[in-house]
Amino acid sequence: MTAVQFGVLGPLAVTTDAGEPVVVPGTKVRALLADLLANRNQVVSADRLIEDLWGDDSPANPAGALQVRVSQLRKALNDAEPGARELVESRPPGYLLRADAVDADRFVDLSRSTDAERLTEALALWRGEAYADVADADFVSAEAARLAEQRLVVQERLAQARLARGEHDLVAADLTELVARHPLREGLRAVQLRALYAAGRQSEALDSYADLRERLAEELGLDPGPELVALHRRILEQDAGLSAPPKAAIIRNSLPAQLDELIGRAEALAELRALLSRQRLVTLVGPGGVGKTRLATETARAQSFPDGVQLVELAPLPAGDARVAEEVLGALGGYEAAGTSLSPADRVVTALRHRQLLLVLDNCEHVVEPVAELVARLLRDVPGVSVLATSREPLGLTGEQLWEVPPLPVPDDSDLDTVRRSAAARLFVARAAAQQRGFRLDGQSAAAVAQLCRRLDGLPLALELAATRVRALGVRGVVDRLDDRFRLLTTAQRDVPPRQRTLTAVIAWSWDLLDETDRMVLARLAVFPDGCTPHAAEHVCRTDLDTLARLVDRSLVVLDDSGAAPRYRLLESVAAFCLERLSDADEVRARHAAYYTELAERADAGLRGAEQRRWLAQLDAETANLRAALDHGGGLRLAVALSWYWFLRGRLTEARRALSMCGDPAQESRAAAWRVGFALLRGDAVAPAQVRAAVAGDPDGRGAWFTANAVTDHSELALAAELLPTPADAWTEAAVLTTQAKIAHVLGDQAALERAATRSAALFADLGDRWGQLQATEWVGALAEMRGEHDRAADLHRDGLRWAEELGLWQQVGTELSWLAWLAVQTRDYPQARELAERAYRLAQEQDSPGALVFAEMSLGLAARRDGKLDLAVTHLTRLAERGRAEAQPALYLPPVLVELGYAVEQGGDPDAALALHVEAFEVAEAMAAPRDAIYALEGMASAVRAPEVAARLLGAAAAARLATRAPSSPAERDETDRVTERVRLALGRERFDALVAEGAKLSPGEARAQL
2 MTAVQFGVLG PLAVTTDAGE PVVVPGTKVR ALLADLLANR NQVVSADRLI EDLWGDDSPA
62 NPAGALQVRV SQLRKALNDA EPGARELVES RPPGYLLRAD AVDADRFVDL SRSTDAERLT
122 EALALWRGEA YADVADADFV SAEAARLAEQ RLVVQERLAQ ARLARGEHDL VAADLTELVA
182 RHPLREGLRA VQLRALYAAG RQSEALDSYA DLRERLAEEL GLDPGPELVA LHRRILEQDA
242 GLSAPPKAAI IRNSLPAQLD ELIGRAEALA ELRALLSRQR LVTLVGPGGV GKTRLATETA
302 RAQSFPDGVQ LVELAPLPAG DARVAEEVLG ALGGYEAAGT SLSPADRVVT ALRHRQLLLV
362 LDNCEHVVEP VAELVARLLR DVPGVSVLAT SREPLGLTGE QLWEVPPLPV PDDSDLDTVR
422 RSAAARLFVA RAAAQQRGFR LDGQSAAAVA QLCRRLDGLP LALELAATRV RALGVRGVVD
482 RLDDRFRLLT TAQRDVPPRQ RTLTAVIAWS WDLLDETDRM VLARLAVFPD GCTPHAAEHV
542 CRTDLDTLAR LVDRSLVVLD DSGAAPRYRL LESVAAFCLE RLSDADEVRA RHAAYYTELA
602 ERADAGLRGA EQRRWLAQLD AETANLRAAL DHGGGLRLAV ALSWYWFLRG RLTEARRALS
662 MCGDPAQESR AAAWRVGFAL LRGDAVAPAQ VRAAVAGDPD GRGAWFTANA VTDHSELALA
722 AELLPTPADA WTEAAVLTTQ AKIAHVLGDQ AALERAATRS AALFADLGDR WGQLQATEWV
782 GALAEMRGEH DRAADLHRDG LRWAEELGLW QQVGTELSWL AWLAVQTRDY PQARELAERA
842 YRLAQEQDSP GALVFAEMSL GLAARRDGKL DLAVTHLTRL AERGRAEAQP ALYLPPVLVE
902 LGYAVEQGGD PDAALALHVE AFEVAEAMAA PRDAIYALEG MASAVRAPEV AARLLGAAAA
962 ARLATRAPSS PAERDETDRV TERVRLALGR ERFDALVAEG AKLSPGEARA QL
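Going by the working numbering, the first residue of the sequence shown is number 2, and it counts up by one from there.
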């Protein structure tokens, strides 16, 4: 997203990502921005914005005035940061501001912490009262009040955090002014009383309590709350628990010195520090190399235990070794006295019984049973001890708080700013720069760094190992060798434990702890390239949920519960390790291919009914598995089953490639029509005889319909009508009707269009097929547009746009945007038309959809021409005209494009060239039997012909034809005919003009054309 920062914690402020201020001109424009920011990332209706900005004093044209302010806001943003105008979106019924960088959101994120530094950072974001320059406006009052309350809460929590660090003197001083401003806030008073008492100012603490008690009684008729009363009693009794805590500087610990910066774990540290204050046993779990040890030591370093922190390294113990208590004793400096009969565990309990410390037990997974036994004893018998453990599996104890250490976030694209913000990339760059002095992240290296971070799953150890190779290979060379990662990712650093010197050793450490059954299942899971559902894992791996749960507990399998259904995943490096150890690969891959072929065949039916959305999401989630199944046995049977899904998702090239495989005769018969249909959709010219042969053997009519529908995109309407099958089921009948509606629309047959579109819509509604309802509604909307019912047409296409977005059908989203752009042109809303068409054009480019590109560019050309931007219009329309003429059959869109180009050329001063374009448009429309386009061309001829008498007759013929075909002019089309009518009437006089128009009304369109 374009980098613009918004500030509302004070006067309204806008800056670029580089920190340059953005000038937002005018009080109303600033008020509009404030309103959109208060409702950021939500649509605010135009009516509400008008009410908020003007109230009862609205201008004569409030919608137009609002549009002007929106345009000014977009211009201000775009002038400062190119592309930022897109942050303000037109979304029915109003506008939406996409704002990801707002200081209030950053404040809320920081305020969730209990860490003093982050809370201080949160409060530093404030520059005054929230929305200070529009604070009196009703539309920000609730948001400003909410933020003000949150600010007070953060101020209280910061004071508490500072008290815990022993800063009682400073806190007592800092709270004086705040309490004076909010004298009745009991939470604030409680912190002040504690600070004053801890600072040795008991009398002042008692005076403050008395002041609160009097104010509450006088102003509210209330007494202080029970918590404050209890605190007052403790102060009177001089409770030792209220004395100042020890400062962090005097804590003793055995942690290693920090040798380099911990990158990307600030939020984790804050959360863990807070967690350790509430929980006595916290276990950090995660795969090898994810950084559990480092995170544990840095978390422990910030703790304030009176007897410090003790780190115990358990990695040197052999697997299953019971001598964990001895290791703890050794770390504590304990020794065994002569003649003692106490066990090692008893001696640990004795040594710690009267101490208050944090025990950090590192690398517990290979001795998990004896560790669990000792920790359970400590939790029960030594109340002053807390335990922070690291392990690749849980200890399995009551009261254990698991905290899964995730890999570092990886960049989701290769944009330099995105890569810079990624924690994984920052770690890699820092470590690579330490190895090679000149290494830095820039536009040249960003893509390779992003790819490397993704390939290594953001695993810190793998990134650090990769960084050691940059000096010899360069970052691109490291990426190119990742397929051989186990030889590549090693280090010669002598202060690193052997188990962490190679990526192989890191994973093998966990692999060796598994029994044979678990190893077999883990290896089989590696055939799933992007994870799998529990059902798929059970079927393909021949396992059960208990085994899968054990592998999750041991941090070798990741359970991803973020989607609609849970999925098991392997990190890429773990999967590569396991594939090398998969002994029955052929059998497992065969089961994998069979499972996903059956899934795709069930989905093919489900995609044509009420569960369409669920099946789309499921196939989306299984894309990588479906591709793997195609390559390992799914073959043409699977490709045919996926054809409809690929079409819905616009993956035409993938479909063609998969359908090119060979199959048995039955599969070949089913695939033939789909192959030709996808070829036509990609713009290939296919001979009619070849098309007929392909659909002849289609077993259920769906492939035949698909091909016939694709033929319409090549303007072969007669061939398409011929190919349409006799439906064998309700879905095919509804689909056939949508194509018949499309043909009727081109031919101007409103009765046939109405019959086909409404019947299709009803059938698809009965089936629950939302895609089908989209198609049918498109042509119902087209009929409304033909009849001049532009508001109804726009409502229908807005419904279609919403449905398409819900289903993620992005090609159809582009089509609906183009329809709305077309309607905006016809109703004279040219700025809106251009905005919608630009969105549709960008989407069509992203989706590589030729048909959608044409429709979008057509609307861009029309909007530009009607808005007086003739050069831009001629560029768009000329490109479309050349493309339409180049097709084997003139494109369906060619006549209106030629007419619009003719108008642009005429307005540019060349009526003769314009007339030639209008004549060409008429002849193409007549050849297509497209009467509406022919009428439009007649009106264009009238605008360009030099003889006013001929122009009048052409206008008369066009008006009569519109009446006969029930195709009224749109407001924008009337603007053209009104312009020409006024000019011709002025040249001929009203009486002569009316007579010639009446003569023209008796002519057929063809006879009128012959007047030239």
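Glycine residues also receive a C-beta, built at the ideal position from the N, C-alpha and C atoms. None of these values were measured; they are calculated from a predicted model.
Open item on the list: Let me make sure I understand the geometry here. Which of Ala686, Arg582, Val368 has the alpha-carbon closest to that of Asp714?
Closed with: Ala686
Open item on the list: For the beta strand (DSSP E) containing Tyr96, name the first residue and the last one.
Closed with: 95-98
TODO: Taking only the alpha-carbon atoms, compute the straight-line gap between Gln402 and Pro832 and give it to the nearest angstrom.
DONE: 57 Å
Task: Per-residue DSSP class, three states only, for Cys533 - done: strand
TODO: Within its chain, find whatever has a CB closer than 7 Å to the CB of Asp240; leave out the 5 residues flanking it on each side and keep chain order.
DONE: none
TODO: Could you pull the start and end residues of the alpha helix (DSSP H) that Ala941 belongs to?
DONE: Note on identity: in this sequence residue 941 is Gly, with Ala being the wrong assignment. Where Gly941 is concerned, the enclosing alpha helix (DSSP H) stretches over 932-945.
Open item on the list: So, at 7 Å on beta carbons, what are the nonlocal neighbours of Gln304 in its own chain, with the 5 sequence-adjacent residues on each side left out?
Closed with: Leu277, Val310, Leu359
Open item on the list: Please confirm whether Leu296 has its beta-carbon closer than 8 Å to some beta-carbon of chain D.
Closed with: As a matter of chain content, chain D is missing from the structure shown, which is built from one protein chain.
TODO: Check the DSSP bridge columns for Tyr569 and list the partner residues they point to.
DONE: Cys533, Leu560
Open item on the list: Just to check my reading of the structure: His877 and Glu858 have Cβ atoms closer than 8 Å, yes? What is that Cβ distance to the nearest angstrom?
Closed with: 5 Å
Task: Same chain, Cβ closer than 6 Å to Arg1014, five either side skipped, listed in chain order - done: Because the chain here runs from 2 to 1013, residue 1014 falls outside it and cannot be looked at.
Open item on the list: Suppose contacts are defined by Cβ-Cβ distances below 8 Å. Is Gly292 in contact with Pro461 by that definition?
Closed with: yes
Open item on the list: Here's the rule: buried if 16 or more other CB atoms are within 10 angstroms of the residue's CB, otherwise exposed. What is Cys663?
Closed with: exposed
Task: Under the three-state DSSP convention, the category Gly8 falls into - done: strand
- [ ] Under 8 Å by Cβ, that's how I've got Ile684 and Gly704 pegged, so tell me the actual separation to the nearest angstrom.
- [x] One detail in the question is off: residue 684 reads as Gly in this sequence, not Ile. Going by Cβ atoms, the distance from Gly684 to Gly704 rounds to 19 Å, so no, they are not a contact pair.
Task: Buried/exposed call for Gly702, threshold 16 Cβ in 10 Å - done: buried
TODO: Quick one: give me the first and last residue of the beta strand (DSSP E) that Trp391 is part of.
DONE: Note that residue 391 is Thr in the sequence shown here, rather than Trp. First-last of the beta strand (DSSP E) with Thr391: 386-392.
TODO: State the Cα-Cα distance for the pair Leu1 and Asp212, rounded to the nearest angstrom.
DONE: As displayed, the chain neither begins before 2 nor continues past 1013, which places residue 1 out of reach and without an answer.
- [ ] Pull up the CB-CB distance for Ala794 and Ala785, whole angstroms please, since I reckon it's below 8 Å.
- [x] 4 Å
Open item on the list: Let me make sure I understand the geometry here. Which of Ser761, Asp322, Leu682, Leu375 has the alpha-carbon closest to that of Arg1021?
Closed with: This structure cannot settle anything about residue 1021, because the visible part of the chain is limited to 2 through 1013.
- [ ] Pull up the distance between the alpha-carbon of Leu821 and that of Phe648, whole angstroms please.
- [x] 23 Å
Open item on the list: With the cut-off set at 8 Å, would you say Leu111 and Leu120 are in Cβ contact?
Closed with: yes
- [ ] Tell me whether Gln445 is buried or exposed, calling it buried when 16 or more other Cβ atoms sit within 10 Å of its Cβ.
- [x] exposed
- [ ] Assign Thr503 to one of three DSSP states: helix, strand, or coil.
- [x] strand
Task: Counterpart residues of Thr17 in DSSP-defined beta bridges - done: Val5
Open item on the list: Please classify Ser1005 as buried or exposed, where buried requires at least 16 neighbouring CB atoms within 10 angstroms.
Closed with: exposed
Open item on the list: Let me make sure I understand the geometry here. Which of Leu660, Trp732, His233 has the alpha-carbon closest to that of Ala606?
Closed with: Trp732
- [ ] Give me the Cα-Cα distance between Leu270 and Ser46, rounded to the nearest whole angstrom.
- [x] 42 Å
Open item on the list: Short of 8 Å in beta carbon distance, which residues of its chain neighbour Leu725, apart from the five on each side in sequence? Order them along the chain.
Closed with: Ala705, Trp706, Ala709, Val737, Thr740, Gln741
Task: Residue span of the alpha helix (DSSP H) that contains Gln833, given as start and end - done: 831-848
- [ ] Could you spell out where the beta strand (DSSP E) holding Glu90 opens and where it closes?
- [x] 89-92
Task: Buried versus exposed, by CB contacts within 10 Å (16 or more), Ala719 - done: exposed
TODO: Tell me, to the nearest whole angstrom, how far the beta carbon of Leu643 is from that of Gly809; I am working on the premise that it is less than 8 Å.
DONE: Contact doesn't hold; Cβ gap of about 16 Å is too wide.
TODO: Compute the Euclidean distance between the alpha carbons of Asp443 and Leu417, then round it to the nearest angstrom.
DONE: 7 Å
TODO: Rounded to whole angstroms, what's the CA-CA distance from Gln501 to Arg92? Just pull it up for me.
DONE: Because Gln501 carries a pLDDT of 48, less than 50, the predicted location of this residue cannot be relied on, and the following value inherits that uncertainty. About 53 Å.
- [ ] Jot down the residue ranges of each uninterrupted alpha helix (DSSP H) in the stretch 303-380, minimum 4 residues, whole runs only, in chain order.
- [x] 325-333, 345-353
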